[in-house]
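**Q** Take a look at this one; I'll ask things after.
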Amino acid sequence: MATIEISCVEVWREISNYLDEEISPEMRERMEAHFKACAHCTAILDGTRNVVGLVGDGRVFRMPDGFSNRLYKKLQKLL
Amino acid sequence: MQGEMEDLGLHAKMSMTQSQLRADEAKLIKSVCAGEREAFYELVRPYERMIYATAISVAKNPADAEEIAQEAVLKAFSHLCGFRGESKFSTWLVQITYNEAKMRLKKARRHLHESIDDQQQSEDGDFWPRDYADWRPIPSELLEQNEIRQAVQDAINSLSPGYRETLVLRDVQHLSVKETSAILGISEPAVKTRLHRARLLLRDRLAPGIDGFWTKGQPYRKARAW
Chain A
6 MATIEISCVE VWREISNYLD EEISPEMRER MEAHFKACAH CTAILDGTRN VVGLVGDGRV
66 FRMPDGFSNR LYKKLQKLL
Chain B
1218 MQGEMEDLGL HAKMSMTQSQ LRADEAKLIK SVCAGEREAF YELVRPYERM IYATAISVAK
1278 NPADAEEIAQ EAVLKAFSHL CGFRGESKFS TWLVQITYNE AKMRLKKARR HLHESIDDQQ
1338 QSEDGDFWPR DYADWRPIPS ELLEQNEIRQ AVQDAINSLS PGYRETLVLR DVQHLSVKET
1398 SAILGISEPA VKTRLHRARL LLRDRLAPGI DGFWTKGQPY RKARAW
């Protein structure tokens, strides 16, 4: 059965759900067929995936130096 | 078939680890409430970064985030014996931190006569990407560079509060849609919409810099001034 074509706007609308695997198998198939033919949408998909990887990396929100010590000193007073 | 079995095995192992963690935490909570107050250190230590990241997602600056985190931990201690285990302990901590951060922000804004709602971006209509910069996979060592980490933080800070908080809870803290919806007090579809927009906005703001200018040693501001 042929995959039904899908527009770029429809692809953008679902990119996040695509990355989170929260779309139907039919929609996934349509989007994958679109990515094969559309360099713009593939660039957006790759970039969005990179964003998720970057912000999910623990190093982005590094705690300030001495954070733990100061926190426990404060807590110590209460304990 | 074998892949499916491995997935099931991994899933079972993860659920096991999760239930073991919940049991261990429940034991520690019981100890603290029975008077062994020092056990609270052990309970909170694994979640320090999570607490800090939640605080900074609202406060945006490290000094305020640290104060909020400290206050949230003190509040968590004071209310610990009222924790009923209806959510994960970590989610409960994030909720306390988020509430504390929001409360402070409201106080500060009242002082400045500003409304938080003024800064909300519209969630209606489709999102149109600003450009189609091709972004090759970035080596994770790049995140060792302060400049890159700062650029990512700046990009996150440039999002409106609703987008930023949703992104941090979902993509930084890895909370589920359901947990995020409960913490932010918004519907699950709203969580998905905000997350989607936050990710696409970040891509728009980061892609040209990361792929072109930063890796060639030029300041990212020349690529895109946000």
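As they're listed, the protein sequences go chains A and B.
In terms of our numbering, the first sequence opens at residue 6 and continues consecutively.
In terms of our numbering, the second sequence opens at residue 1218 and continues consecutively.
Even glycine gets a Cβ: it sits at the ideal position worked out from N, Cα and C.
Since the structure is predicted, the reported quantities are computational estimates derived from the model, not experimental observations.
(1) Counting pairs of Cβ atoms below 8 Å between the stretch 1365-1373 of chain B and the stretch 48-68 of chain A, do you hit three or more?
(2) Am I right that B:I1313 and B:A1289 are in contact with their C-beta atoms under 8 Å? What's the rounded C-beta distance?
(3) What residues in the stretch 48-60 of chain A have a beta carbon less than 9 Å from any beta carbon of chain B?
(4) Please classify B:A1276: does DSSP put it in a helix, a strand, or coil?
(5) Rounded to whole angstroms, what is the Cα-Cα separation between B:L1322 and A:C43?
(6) Flag A:I65 as yes if its beta-carbon sits less than 7 Å from any beta-carbon of chain B, otherwise no.
(7) Can you grab the Cα-Cα spacing for the pair B:Q1237 / B:A1243, in whole Å?
(8) Does DSSP classify B:S1404 as helix, strand or coil?
(9) Is there contact here, the stretch 1402-1417 of chain B with the stretch 21-29 of chain A, by at least three beta-carbon pairs under 8 Å?
(10) Out of A:H39, A:Q81 and A:D25, state which residue places its alpha-carbon closest to the alpha-carbon of A:I11.
(11) Anything in chain A within Cβ reach of B:I1373, meaning under 7 Å, just list it in chain order.
(12) Rounded to whole angstroms, how far is the Cβ of B:L1412 from the Cβ of B:L1384, which I believe are closer than 8 Å?
(13) Could you tell me which chain A residues have their CB closer than 8 Å to the CB of B:P1406, listed as they occur along the chain?
(14) Could you tell me which chain B residues have their CB closer than 8 Å to the CB of A:S21, listed as they occur along the chain?
(15) Would you report the Cα separation of B:K1395 and B:N1363, rounded to the nearest angstrom?
(16) Taking C-alpha atoms, which residue in B:V1261, B:H1296 and B:E1284 lies nearest to B:C1250?
(17) Between which residues of its own chain and A:E15 is the CB-CB distance below 7 Å, once the five residues before and five after are set aside?
(18) Identify the continuous alpha helix (DSSP H) that holds A:G52 and give its terminal residues.
(19) Report back the beta-carbon spacing between B:E1382 and B:V1275 to the nearest angstrom; my notes put them in contact at under 8 Å.
(20) Given a cut-off of 7 Å, decide if B:L1260 and A:L83 are closer than it, judged by their beta-carbon atoms.
(21) Using 10 angstroms around the beta-carbon of B:C1298, count the other beta-carbons present and answer buried if the total reaches 16, otherwise exposed.
(22) Can you look up B:G1379 in the DSSP assignment and give me helix, strand or coil?
(23) May I ask you to report which of helix, strand or coil DSSP gives A:S29?
(24) For B:V1249, which three-state DSSP category applies?
(25) Would B:A1272 pass as a contact of B:A1318 if the rule is Cβ separation under 7 Å?
(26) Which residues in chain B sit within 7 Å of A:M68, going by Cβ to Cβ distance?
(27) Quick one: list the residues of chain B neighbouring A:S73, beta-carbon separation under 9 Å, in chain order.
(28) Take the Cβ of B:K1409 as the centre, count every other Cβ of all protein chains shown within 10 Å, and call the residue buried at 16 or more, exposed below.
(29) Tell me the residue span of the alpha helix (DSSP H) that contains B:R1366.
(30) Report the CB separation of B:E1283 from A:F72 in whole angstroms; it is logged as a contact under 8 Å.
(31) Which whole runs of the alpha helix (DSSP H) in the stretch 1282-1330 of chain B are 4 residues long or more, in chain order?
**A** Looking at the coordinates:
(1) yes
(2) 5 Å
(3) A48, I49, D51, G52, T53, R54, N55, V56, V57, G58, L59 and V60
(4) helix
(5) 43 Å
(6) Note that residue 65 of chain A corresponds to Val in the displayed sequence, not to Ile. Answer yes: the Cβ-Cβ gap between A:V65 and chain B drops below 7 Å somewhere.
(7) 10 Å
(8) B:S1404 falls in the coil class under three-state DSSP.
(9) yes
(10) A:H39
(11) Within chain A, the residues near B:I1373 are V60.
(12) Contact annotation, B:L1412 with B:L1384: C-beta distance approximately 6 Å; criterion of less than 8 Å satisfied.
(13) Result: empty, since nearest Cβ-Cβ is about 11 Å, beyond 8 Å.
(14) Those within 8 Å of A:S21 in chain B are K1409, L1412, H1413, R1416 and L1417.
(15) 33 Å
(16) Selected option, being the one with the closest Cα: B:H1296.
(17) none
(18) A44 to G61
(19) 6 Å
(20) no
(21) exposed
(22) helix
(23) coil
(24) Reduced to three states, the DSSP call for B:V1249 is helix.
(25) With respect to the 7 Å criterion, B:A1272 and B:A1318 are classified as neighbours on the basis of their beta carbons.
(26) E1265, R1266 and Y1269
(27) R1262 and E1265
(28) buried
(29) N1363 to N1374
(30) The Cβ separation is near 6 Å, so the contact holds.
(31) 1306-1329
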